[in-house]
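Encoded as structure tokens, the structure appears first; notes follow it.
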Amino acid sequence: MSISFNKTLSETDFLTALERVKTGIRNYGFGVVTEIDMKKNFREKLDRDFREYRILGVCNPAFAYRAIQHNDKLGVFLPCNLILQQYDDGRVELSAVDPVASMMAVNNPSLGEIAEEVQVRLKQFVEEI
């Protein structure tokens, strides 16, 4: 089982793709709650150059609420992460965590059902963007 859903975004630059992702994910019921610029972090903390690489934490409050009702420690898996990165050849790729793969560590059928609902939305978002 893969840990993520991935798609190369054609005919776009990184910043345009980033805005498309941040705007588009809202149509699937998620909001961006965190944004980590790894290129900036590696430059500032390690004095290393790195490609464009953003980690976006996205959350659907209704799903998060339901999940935490089943297991109050589930917050360690939240928010769901998206990665947008640009490779040296110019390709821009979007990846979304597979929440079903993440939930394999939790033995709770109710959480599995919620993870499957989130999986459908994230997978559809990646496919349709």
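One rule links them: number in the working numbering = place in the sequence shown (from 1) + 198. Virtual Cβ for every residue (Gly too), placed ideally from N, Cα, C.
Where the beta strand (DSSP E) containing residue i begins and where it ends
{"i": "residue 207", "result": "202-207"}
One or two residues paired with residue i in a DSSP bridge
{"i": "residue 235", "result": "252"}
{"i": "residue 230", "result": "256"}
{"i": "residue 280", "result": "254 and 294"}
For residue i, the three-state DSSP class (helix, strand or coil)
{"i": "residue 273", "result": "helix"}
{"i": "residue 288", "result": "coil"}
{"i": "residue 225", "result": "helix"}
{"i": "residue 246", "result": "coil"}
{"i": "residue 210", "result": "coil"}
Within 8 Å, strictly: CB atoms of residue i and residue j
{"i": "residue 258", "j": "residue 227", "result": "yes"}
{"i": "residue 252", "j": "residue 216", "result": "yes"}
{"i": "residue 324", "j": "residue 205", "result": "yes"}
{"i": "residue 223", "j": "residue 296", "result": "no"}
{"i": "residue 301", "j": "residue 309", "result": "yes"}
{"i": "residue 255", "j": "residue 266", "result": "no"}
{"i": "residue 318", "j": "residue 261", "result": "no"}
Other residues of its chain near residue i: CB distance less than 6 Å, five sequence neighbours each side excluded
{"i": "residue 212", "result": "250, 284 and 290"}
{"i": "residue 234", "result": "253"}
{"i": "residue 293", "result": "202, 204 and 281"}
Cβ shell of residue i (< 7 Å), same chain only, five flanking positions each side left out
{"i": "residue 314", "result": "298"}
First through last residue of the alpha helix (DSSP H) which encompasses residue i
{"i": "residue 313", "result": "307-326"}
{"i": "residue 302", "result": "It is not in any alpha helix (DSSP H) - residue 302 carries neither H nor E in the DSSP assignment."}
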